[in-house]
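Read the structure below first, then the notes.
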Amino acid sequence: MTARILMAGIFLVGMWGVVADKNMMRKVFGLTIITSAVVLLFVVEGGSVGTAAPIMEAGVYNIVDPVPQALMLTAIVIGVCVTALALALVCRIYAATGTLDIEEAAKRMGDGH
Amino acid sequence: MAKARAYLETGAINVVSAIYLGYRAFDTLGETIVLLIAVSGTLTMIGDGYLGSKRFATEFRRLHSPAEDPLELIAGKLGLIVLVFGAYVMAFGHLSPGGGFQGGVVVASGLLFLALGEKGFKTSRLTDPTSLQKLEAAAFLILLLAMAAGMMRPKAGGPSGNPAEYIVFLNVILGLKVGAGIGLMCVAMIGDLYR
Amino acid sequence: MDIKMDISILALLPTLLPLFAGALILIAKAFLNEKAQDRTTELAGIIGLLLPWIPMMLLLPRILAGESPTLVIGGWSYGTGIFFKFDGLAWALNALTLLLCAGAWVYSRSSGPRGPVFTIMFLIQVASCCAAMSTLDVFNLFVCMEVMGMTSYVLIAQAKTPGSYVASFTYLMSSAATMLLFLIGVYGLYRLTGALDYNAIQQFLSQCSVEESRFASLCAICMIIPIVLRAAIMPLSGWLLLAHSQAPHSISAVLSGVLLKVPLFALVRLLLIFPSGGTLGLAISFAGALGALLAVLLALVQSDAKRLLAYHSISQTGYVAAALGAAIAPLQGSNPGLGLVLLVAAYLHALGHGIFKGLLFLSVGNLMDVAKQRNVYLIQGGVSVLKRSGDSLGLTGFSFAVGALSIAAMPPFIGFATKGYISKFLAENHLYGLLAAASVLTVASFIKLSRIFVSFPSSSSAQKTESNQEAPMRKTSLDDDHPHLGSGRLSSVVGLALLCIAGGLLAPQLFRFGILLFDSLLQGSPSLYPLSVRPPELFVLNDLTQTALTIPAGLIISLLISSKTGQRLTHGISGHIASFETIFLGMGVALIALAIQI
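Protein chains in written order, with the numbering used here: chain A, 19 to 131; chain B, 636 to 830; chain C, 20 to 617.
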């Protein structure tokens, strides 16, 4: 139960960063935090069944469900890629408008044209 | 026992590897493509016309190159060790925790260490953006062909499955692709594209 | 038997061929010189956009015979393999993707952006659209949607203007954050059913308890929200305005023609597996119809030409969603025949909208580039401006006229037929009124937009020119340095215009073809419905008078809007830019609305 509450807390913190913060860098951080919350959900909750690591050496049984872990490999990489692209965009927006505030940047975006 | 079958069919003891390079290889292909998009997109965005990185590179160099910076000293020596570890993680992904993506990221951090450790303006072949680009492109083409061949494989009647070499091969190619891609992105982001 | 096995493997080729073409360009970019790169890019375009038609044509006879080639990727017999199904729905959406992307690609070869990175992204996007339509796996759908999204962020930023970076960032943040909601939904479903593929989930849900079914609906909502955001149904459409108005013209065309439609039709597949899918579908249908009306109201007050078109994209996608959402419940059992025709009507309108909206973006883009002006009130005499830039036959003007008449649903163009079908089948539905009002306003909006192509005689536009001189902006009479329009730009708009006309004339045949294609979606007694369903007659007196009545109504509204007082009144509304709060507020509203349904 504690784990679930913590995960929900992390999720909400990230969501708050994405939605309410005007600073684009912090929005990107917020997105990273939400991604970690979701990965935690898969790994912690998915690992609640078995005990051993899913490597089928002799004498190993009662392994945890490997599917959520395999899915999370994909999700983590996708999260990293989205972050990299977002950071590059922030870089360009800052170079073009001279601000990290998203609303300010949206206002100034016509000038550099 | 489905998990025992996973071993028989894919030849990997590590069931996570068996799933993400065997049963769900198509997801993994998609993931590789997302990485490719991120690398090319980031490079076009910070590569052409963003002068900040170039200026940063020269100023950073001027400040730091004469002195023996502890970061450069340690990072340069550590780089090769990290690269060897990355190669291990790639090649033994089917037997132990690890695999192409993890190994690739370790390799990329090794490249980053090397790039940080290069004193002055000297460039080694390993951290040169053009050779990394070539490596990435070649690895992607080979990976795509290998995965397509795996997908188009005529349906085997029995549990013959894939040989273990296939997964090792995929892991290594994937590791090279990921290592080259992320390494390229990191080298570009620290501003060394325009040395 | 063996040969049949081999043929279903062809279903992977529409996905793999564009990817292979992209890899070729990547190789060329790393190893070859610029000239060879350019040639490889052209070759790759042909491989990625034309060759996939061969496997599609080979598979067509089997699909028309009512089969749906299904395979497990990699041929695994156990475990959690990914199922791939190339049925009529996938075929139809793949055809739409390949057709429109080929048009946009030809355009971008002459207008730019045309570099290798652009083409790689473009081809990967085509591949991801094809894969998203065929996959029968919830997690794979997530991966496909992420690939689709990533390519669009990069492609929007290819315009290389500050505005396009802001647009791309806004789209990225809102879409990536909601996609994580999708993952949570996937987790819930996996936890509940222990499976990721549609068939196993459906089997489990058809015999589970009430509580489990409610939990599944909750997961369904988590998965619907991101898809609806991608399809820009009204409360979740804030990102679209920036993205579509700031992207390069060819990308705007693809974004509104293909990338809004593919998620919607992938949603059909997803909704059909949930017992509560019909109810959720009705909610989407309502949101679509309401959005169709609201978006066109907002379109009327815009002054930026591309932003006006972006609002129309929301509105037309709303039409599609209205028909498509209403189709789910009948398809699930109550009346499969009705569901089928609604779905076909939705697809035809999606196809039609893809064609005519692509045409409008490209032709207006041509004019915007030569006139160097985006404000519809300030561009004048477009035809003569274009004539000076190498379009001596007035092809752009002609194509724009075709596109505008199509979107305004005038016979005999494609929009008339497809909108006609949707209104026919939704006639008893309470949403019909919303859609009818929206179509009148669409006419008004396009009468307003058409002014940019004609030049006014001095007497009637005296007042207009006066206001132009007052405005600080540069006037659009350009005598020097206007860009030359390449042949690719003109041939692609003309090609799309011809498709508009052909589609309008062949609408009944298209409808019958669509019924045959989509028939494989119905599990039971397949051959019954195609025979009993025939396309409704559209050229009857009643319909034609209705259409005729929309013209004067639209004319009056457009005169009101573009009068001086109208412009002053609407100026405040049109400058509004969607902020993050509004986008996520929309998400909250959508969540609550859907949660009430179950």
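All residues carry an ideal CB built from backbone N, CA and C; glycine is no exception.
Can you find a C-beta in chain A that's less than 9 Å from the C-beta of residue i?
i, result
"N806/B", "no"
"P732/B", "yes"
"G665/B", "yes"
"P37/C", "no"
"I681/B", "yes"
"G676/B", "yes"
"F736/B", "yes"
"E231/C", "no"
For residue i, collect the residues of the same chain with a Cβ closer than 6 Å to its Cβ; drop the 5 residues on either side in sequence, then sort them by chain order.
i, result
"G365/C", "Per the sequence shown, residue 365/C should be read as Ala rather than Gly. Same-chain partners within the cutoff: V339, A342 and L343."
"T69/A", "N80"
"M25/A", "A55, L58 and L59"
"L619/B", "The structure shown has nothing for residue 619/B, since chain B only spans 636 to 830."
"L445/C", "Y451"
"L518/C", "I374"
"F201/C", "F161, M242 and P245"
Check for me: the beta strand (DSSP E) holding residue i runs from which residue to which?
i, result
"L77/C", "L77/C -> not in any beta strand (DSSP E); alpha helix (DSSP H) instead, spanning W72 to L83."
Check the Cβ-Cβ distances between residue i and every residue of chain B, and say whether any is below 9 Å.
i, result
"Q5/C", "A question about residue 5/C goes unanswered here, because the residues of chain C that appear run from 20 up to 617."
"G204/C", "no"
"V85/A", "yes"
"I52/A", "no"
"E63/A", "no"
"Y217/C", "no"
"A21/A", "no"
"V281/C", "no"
"C163/C", "yes"
"Q265/C", "no"
So, does the CB of residue i fall closer than 9 Å to a CB anywhere in chain C?
i, result
"E771/B", "yes"
"R44/A", "no"
"A38/A", "yes"
"A124/A", "yes"
"M820/B", "no"
"D662/B", "yes"
"A647/B", "no"
Take residue i and list the residues in its own chain whose beta-carbon comes closer than 8 Å to its own, dropping the five residues that flank it on each side.
i, result
"M198/C", "F161, M164, E165, G168 and P245"
Looking at the secondary structure, which residues open and close the alpha helix (DSSP H) in which residue i lies?
i, result
"F102/C", "Premise fails: F102/C lies in the beta strand (DSSP E), F102 to K104, not in any alpha helix (DSSP H)."
"V91/C", "Counting along the chain, V91/C falls outside any alpha helix (DSSP H), though it belongs to the beta strand (DSSP E) covering T89 to V91."
"M164/C", "V157 to A176"
"K125/A", "I120 to R126"
"S766/B", "P764 to M787"
"L540/C", "Counting along the chain, L540/C falls outside any alpha helix (DSSP H), and DSSP gives it neither H nor E."
"R393/C", "Careful: R393/C lies outside any alpha helix (DSSP H) and carries neither H nor E."
"L309/C", "G296 to L319"
"A324/C", "A324 to A348"
"G739/B", "G735 to G752"
"V513/C", "S506 to L524"
"Y655/B", "Careful: Y655/B lies outside any alpha helix (DSSP H) and carries neither H nor E."
"S418/C", "L414 to I426"
"F804/B", "A799 to M824"
"L29/C", "Unbroken run through L29/C: none, as it is neither H nor E."
"V724/B", "P705 to A726"
"R133/C", "Careful: R133/C lies outside any alpha helix (DSSP H) and carries neither H nor E."
"E53/C", "E53 to L68"
"S256/C", "Counting along the chain, S256/C falls outside any alpha helix (DSSP H), and DSSP gives it neither H nor E."
"T437/C", "I433 to F444"
Per DSSP, which residues does residue i bridge with? Please list them.
i, result
"T154/C", "F103/C"
"N41/A", "D119/A"
"A70/A", "I81/A"
"N649/B", "I73/A"
Using a Cβ-Cβ cut-off of 7 Å (strictly less than) and excluding sequence neighbours within five positions of residue i, which residues of its own chain qualify?
i, result
"A457/C", "A311, L312, V315 and S334"
"V65/A", "The amino acid at residue 65/A is misidentified as Val; the sequence shows Gly. Hits under 7 Å: V82."
Runs of alpha helix (DSSP H) lying entirely within the segment 206-234 of chain C, each at least 4 residues, in chain order: 217-224
Which runs of the beta strand (DSSP E) fall wholly inside the segment 264-294 of chain C and span at least 3 residues, in chain order? none
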